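Sequence positions in the sequence shown follow the working numbering and run 113 to 212. A quick write-up on the structure given underneath.
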Amino acid sequence: MKDIQVREGYFSCHYDNGFVLFTHRLSDGKSGLETMIRNNPDAGSKEVQDGFEYYYSEEEEQRDYLWLQDQTNMLELTIPKNVELNLNELISFLEYQTIK
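Right under this line is the structure:
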């Protein structure tokens, strides 16, 4: 990890390989995610992979994944397009991490 940024309502961890993991703390994660998707038409499409539900979008330089961690935390993972990623390999780690 090369940097952590803390802002009101979220913090982000920036890694050397270009990955960025945002943790958005919301009073109601589900409605927060729905609002974010509704207010940003380019936010992506809803996907389900092995029972794991997330939103996915792809831009010129990166791919973004958004999902609910629990009732109050929404996670967003940004990955450079030039990095090969098998989402199945990450799901078990990301879905079950406890955020304190």
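For every residue, glycine included, the Cβ atom is placed at its ideal position computed from N, Cα and C. All of these numbers come straight from a predicted model, not from anything done at the bench.
For the alpha helix (DSSP H) that residue i lies in, which residues bound it at each end?
i: Ser143; result: 141-151
With hydrogens ignored, establish whether the beta-carbon of residue i is closer than 6 Å to any heavy atom of the ligand ATP.
i: Leu202; result: What this structure holds is no ligand at all, so the ligand ATP is not there to describe.
What number of angstroms, rounded off, separates the C-alpha of residue i from the C-alpha of residue j?
i: Tyr177; j: Ser139; result: 21 Å
i: Val132; j: Ile191; result: 7 Å
i: Ser157; j: Lys114; result: 30 Å
i: Cys125; j: Leu189; result: 10 Å
i: Thr184; j: Thr135; result: 10 Å
i: Tyr167; j: Ile149; result: 8 Å
i: Asn151; j: Arg119; result: 20 Å
i: Arg175; j: Glu201; result: 16 Å
i: Gly144; j: Gln181; result: 12 Å
i: Gly130; j: Val195; result: 9 Å
Going by DSSP in three states, residue i sits in which element: helix, strand or coil?
i: Asn185; result: strand
i: Leu199; result: helix
i: Leu180; result: strand
i: Leu138; result: coil
What span of residues does the beta strand (DSSP E) with residue i cover, start to end?
i: Glu159; result: 157-161
i: Val118; result: 115-119
i: Glu170; result: 164-170
i: Phe131; result: Careful: Phe131 lies outside any beta strand (DSSP E) and carries neither H nor E.
For residue i, I'd like the list of residues in its chain whose CB is within less than 7 Å of its CB, leaving aside the five on either flank, ordered along the chain.
i: Phe123; result: Ile116, Gln117, Thr135
i: Tyr173; result: The residue you asked about is not Tyr; residue 173 is Glu in the sequence shown. Excluding positions up to five away in sequence, the list reads Pro192, Lys193.
i: Arg137; result: Gly121, Tyr122, Thr184, Asn185
CB-CB under 6 Å to residue i, same chain, minus the five flanking residues each way: which ones, in chain order?
i: Asp128; result: Lys114
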